[in-house]
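Each remark here refers to the structure printed beneath this line.
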Amino acid sequence: MDETVISRAIIESFNKDLLDALEVDVAITGAGPSGLICGYYLAKKGIKTVMFERHLRVGGGLPGGGMMFNSIVIQEEAKGIMDEFGINLKKYKDGLYIADSLETISTMCSKTIKQGVKIFNLISVEDVVIRKDRICGLVLNWSAVNWSKLHVDPLAIKSKVVVDATGHETDVCRIVERKIGPKLNTETGKVIGEKSMWAEVGEGEIVKNTREVYPGLVVCGMAANAVYGSPRMGAIFGGMFISGKKAADVVGKMVKGSNGAPRAKA
Ligand code: 48H
186 MDETVISRAI
196 IESFNKDLLD
206 ALEVDVAITG
216 AGPSGLICGY
226 YLAKKGIKTV
236 MFERHLRVGG
246 GLPGGGMMFN
256 SIVIQEEAKG
266 IMDEFGINLK
276 KYKDGLYIAD
286 SLETISTMCS
296 KTIKQGVKIF
306 NLISVEDVVI
316 RKDRICGLVL
326 NWSAVNWSKL
336 HVDPLAIKSK
346 VVVDATGHET
356 DVCRIVERKI
366 GPKLNTETGK
376 VIGEKSMWAE
386 VGEGEIVKNT
396 REVYPGLVVC
406 GMAANAVYGS
416 PRMGAIFGGM
426 FISGKKAADV
436 VGKMVKGSNG
446 APRAKA
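The following block contains the structure:
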């Protein structure tokens with residue numbers, strides 16, 4: 186068991202994965218709940234999908250539950266998605282369920298990877314690639330480079346569609362706004378910003394807000410409400426899952442050449 190063999194195995198396999206990610210159908214920014222669900226359903230449609238997550242761990246705001254009480258609330262409309270993933274739900278009252286946040290996120294992450302999505306953690310999206318008024322890729326750097334403010338130039342990948350699943354930060358939409366001005370298809374052309382908490386309205390509006398916000402760029406999850414100026418909703422997560430699934434449907438229609446056949450699993 187030579188140490189250099191261990192090192193070589195890791196370097197070779199990571200390099201292969203990164204090279205394979207250079208040209209993909211879909212690149213998702215953010216491995217929170219909406220990004221994971223979106224990736225799962227895209228891969229299920231046979232669409233080559235990669236995901237970039239800034240932090241060491243995946244899951245975004247989900248593991249923290251509500252104020253660190255590690256449970257989340259799910260409404261009836263999202264029960265089918267939870268059932269598909271095989272995540273346990275306890276009925277709380279009619280139409281409302283409780284799930285363990287750690288079981289939820291670990292199961293979603295595992296099933297998304299097994300479905301064929303490659304998730305790269307510790308990599309940040311710091312810019313986009315734009316051609317002819319269309320987003321067609323992401324500019325990437327190690328998160329450690331950004332956090333330590335080192336001057337290191339990034340690398341880039343190309344994708345037919347980019348998904349902004351960055352949650353409250355709405356990072357990709359903000360980058361686009363910063364780089365090309367107020368050209369998003371919101372009322373102002375800019376990221377409007379999320380409104381204060383109103384669970385019912387926030388959960389309702391997130392589905393219609395899940396859409397193409399600029400050519401080649403689809404927004405889902407909390408980022409969808411933030412970009413279109415809808416309320417936050419607290420620790421109810423059904424809307425995030427339904428939004429991720431809708432994003433996969435929207436993106437699926439945008440990606441040409443997908444025959445709907447399941448992608449071969451690694
Ligand atoms: C790479 C990035 C970048 C970047 C950010 O915040 P998330 O969990 O987002 P959603 O939309 O899947 O879920 C939202 C939910 O967690 C939540 O916050 C709710 C329901 N809030 C309600 C309320 O009232 O507060 O995940 C986004 C992920 C995170 O893991 C970020 O680290 C990551 O995106 N991310 N990754 N490059 N530039 N920006």
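Under this note's numbering, the first residue of the sequence shown carries the number 186, and numbering increases by one thereafter.
Every residue gets a Cβ at the ideal spot worked out from N, C-alpha and C, and that includes glycine.
Keep in mind that this is a model prediction, so the values were computed, not measured.
Check, Outcome
"Which residue marks the beginning of the beta strand (DSSP E) containing residue 306, and which one marks its end?", "303–306"
"Assess, as a yes-or-no matter, whether the stretch 213–224 is touched by the stretch 421–432 under the definition of 3 or more beta carbon pairs within less than 8 Å.", "yes"
"Going straight from the alpha carbon of residue 285 to that of residue 267, what length do you get?", "12 Å"
"Buried or exposed: where does residue 381 fall if 16 or more other Cβ atoms within 10 Å of its Cβ makes it buried?", "exposed"
"Got a sec: does the ligand 48H put a non-hydrogen atom nearer than 7 Å to the Cβ of residue 309?", "yes"
"Would you say the stretch 350–358 touches the stretch 392–410, given that touching needs at least three Cβ pairs under 8 Å?", "yes"
"Give a single yes or no on whether residue 239 has its beta carbon closer than 7 Å to a heavy atom of the ligand 48H.", "yes"
"Residue 322 to residue 399, Cα distance in whole Å?", "13 Å"
"I'd like to check one pair, residue 237 with residue 214: are the Cβ atoms closer than 8 Å?", "yes"
"In whole angstroms, what separates the C-alpha of residue 281 from that of residue 230?", "29 Å"
"Which residues in the same chain have their Cβ closer than 7 Å to the Cβ of residue 413, if we skip the five residues on either side of it in sequence?", "371, 377 and 394"
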